[in-house]
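For the numbering used here, count along the sequence shown from 1 and bump the result up by 1. Note sheet for the following structure.
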Amino acid sequence: MFTQTLSESEITEIWKASQNSLKTQLTPAVFNTWIVSNPLTKVEIDQQNQALATITCSTAFHATNLKKNLYTQLKETLEKNLNKTVDIEFIIGNPLAFTQKKEDTSKTKDKDKNNPADNLSSPKKKKTDNLLAFSNNNSSPTVDELFSAHNLQASFQDRSKTAAKRIGLRQDYNFKTFAVSTTNEMAHAAATAVSNNPGVAYNPLFLYGGVGVGKTHLMQSIGNNILKQSPETNMIYCTGEEFTNEIINAIQKKKAFDFKKKYRNTDILLIDDIQFIAGKNAVQEEFFHTFNALTKQASQVILTSDKPPHEINLLESRLRSRFEAGLMIDIQQPSFELRTAILLIKAQANKIDLPMELAQLISSKVDGARRIEGIVKLIRSEVELKNKTINEELIQSLLKSEVTMIKTPVIRVKPQEVIKIVANHYRIKQSAVKGRRRVKDIVTARHVAMYILRKELNMPLEEIGKWFSGRDHTSVLHAINKIEKEIKEETLIKQDISALRISLTAVSKR
């Protein structure tokens, strides 16, 4: 319920200040066509001190283009001048009626004095003017208006693409190319809500899950959608590693103030793989203060991680509590149907005509969006560079080579190197892997190390046990069987093993 309506003089003053601000943001053609001719005509304030601003447009064409292309600029400018949260409605009417109303009122007194008889016909004349104005509301847009609208939309698209490129966002990572299923529909809904109302809906938004589930795709989709609506948005996108390196570099070069100014004045902060900062005290300290500054000023923070906050080893409790205070969403591994949909979307984006039965064949053999993307690139290279036909024989051949690349046997690696690489992968100390602590992350790393030592180095069970605080062969066998079971169940362990094999292969070739 509205409790207050601003007077005409107040509205005029606010609109004048808003126009002055918008004039600096827009080109003269855009400003004159879309702002000058479509004024603010009403402002109502409700019990929560929130405002509804009404802008009167001469045609539905004007209203549609204003709402589509300039809503964000209008909203932000009006909120600044009203010092309130503002929603905007666009109505079709006679914009001139508002701007001329004050002039008509002041002139009426002069007419009363000079020629009272003229006022007898003024109501009739006024009615005719309004009727003519109303009939013009339904007219088709002029060529100039159509051309201006086209240029306005093209300008926004160019500016948003330029901004996305500067920030480091991929253009193909958007909501249209994101396949939605039961494993990620909640994450998709939350990401969409955040992109349409940043800083308000869910802050922070914390997306977590294994490799290839679409975390980065969703995060960058949020950024791209915000830039599409408002290309001038101050946005930062980086990985946890890049954030870490940047702050270390800033400290070394004594430019910490510049670092703080950059990160604490942004409107949107997107950090991929935030778990990377865990265990780095100086980095966590700076991120803690940056996070507080941003959320305090209602800037949106979006984070991704391979684990939920409470499972990130060496993450400070104060950061963990702040992450958990927002919306946390677990993105599960894509199902067979979702993998097939992702594959078809990526094939279409690469102009590959992939039959459904072949897409299903690939999906039955390949897990994770990144591996799917790799297969699509292999198919494209075969078709474009070797002029091959897409058929089952080609797909089977590519799948075989892809699996061979991922499962290359590890040779000539010492047990200590295996333990070291596994410990680094899970971001825990080697002594913890070899010790007897029963914390979940440590136990998982320990079991994985035992599995690799058995499967890749073919070590006896008793010898493996000696590397892990003298455990007996039955404990080692139990650990190996547990990992084998999780691999068959398509858990994240399978992806961890694949990644570790690649790392160990690289070490063995040195």
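No residue lacks a Cβ here, since even glycine has one placed at the ideal position from N, Cα and C. All figures in this text were calculated on a predicted structure; none of them were measured in a lab.
Between the CA atoms of I237 and R438 - distance to the nearest angstrom: 39 Å
Need the endpoints of the alpha helix (DSSP H) that A194 sits in, please. E186 to N197
Bounding residues of the beta strand (DSSP E) (the contiguous stretch that carries Y238): For Y238, the enclosing beta strand (DSSP E) stretches over residues M236 to T240.
For G436, count neighbouring C-beta atoms within 10 Å of its own C-beta (all shown protein chains included) and say buried if the count is 16 or more, exposed if not. exposed
Around the Cβ of F244, are there at least 16 other Cβ atoms within 10 angstroms (buried) or fewer (exposed)? Buried is the call here.
Report the residue ranges of all beta strand (DSSP E) runs contained in full by the segment 26-83; include only those spanning at least 3 residues, in chain order. 41-47 and 52-58
C-beta atoms of N175 and S222 nearer than 7 Å: yes
Using only the alpha-carbon positions, how far apart do I453 and G471 sit? 18 Å
Do you know whose CA, among E14, E90 and T60, lies nearest T73's CA? If we check each option's Cα against that of T73, E90 comes out closest.
Got a sec, what are the start and stop residues for the alpha helix (DSSP H) M357 sits in? According to the DSSP assignment, M357 belongs to the alpha helix (DSSP H) that extends over M357 to K366.
Per DSSP, S306 forms a beta bridge with which residues? Y209
For E331, write down the residues that DSSP places opposite it in a beta bridge. For the sequence presented, residue 331 should be read as Asp rather than Glu. BP columns for D331 point to Y209.
Since Q431 contacts I420 with CB under 8 Å, what's their CB separation in whole angstroms? 6 Å
Touching or not, the segment 350-363 and the segment 323-335, by the rule of three or more beta carbon pairs under 8 Å? no
Every unbroken alpha helix (DSSP H) within the segment 416-459, with a cutoff of 4 residues, ordered by chain: 416-427, 431-435 and 441-456
If I422 and L328 are in contact, beta carbons under 8 Å, what's the gap, nearest whole angstrom? Between I422 and L328 a beta carbon distance of about 34 Å is seen, past the 8 Å cut, so the two are scored as non-contacting.
Quick check: I275 and V284, are their CB atoms within less than 7 Å of each other? no
Can you tell me whether T4 is helix, strand or coil according to DSSP? strand
Presumed contact (8 Å Cβ cut-off) between G213 and R371, rounded CB distance: 4 Å
Option in Q49, K43, N66 and Q48 with minimal Cα separation from I56: K43
Name the DSSP beta bridge partners of I89, please? Looking at the DSSP assignment, I89 forms a beta bridge with A54.
Might you give, ordered along the chain, the residues of its own chain that have their beta carbon closer than 7 Å to the beta carbon of Q26, omitting 5 neighbours on each side? Q74
Stretch-stretch touch, CB-based, cutoff 8 Å, three pairs: the segment 382-397 with the segment 359-367: yes
Are there three or more Cβ pairs, one per stretch, closer than 8 Å when the segment 281-295 is compared with the segment 257-273? yes
Out of H311, D273 and I249, state which residue places its alpha-carbon closest to the alpha-carbon of E286. I249
Skipping 5 residues on each side, what residues in its chain have a beta carbon closer than 8 Å to that of A194? A202 and Y203
How big is the Cα-Cα spacing for N351 and R381? 7 Å
Alpha-carbon spacing of I92 relative to N226, whole angstroms: 26 Å
Please classify H189: is it buried, with 16 or more other beta-carbons within 10 angstroms of its beta-carbon, or exposed? buried
Going by the beta-carbon positions, is the gap between A424 and H448 smaller than 7 Å? no
Write down the C-beta distance between Q349 and G210 rounded to the nearest angstrom, noting that I regard them as a contact closer than 8 Å. The Cβ separation is near 25 Å, so there is no contact.
Do you know whose CA, among N388, F207 and K229, lies nearest A165's CA? K229
For K308, count the other beta carbons within 10 Å of its own beta carbon; 16 or more makes it buried, fewer makes it exposed. Which is it? buried
Specify the secondary structure class of I272 as computed by DSSP and reduced to three states. strand
Own chain partners of H311 with C-beta closer than 8 Å, once the 5 adjacent residues on each side are dropped: R321 and E325
A480: first and last residue of the uninterrupted alpha helix (DSSP H) it sits in: H474 to K489
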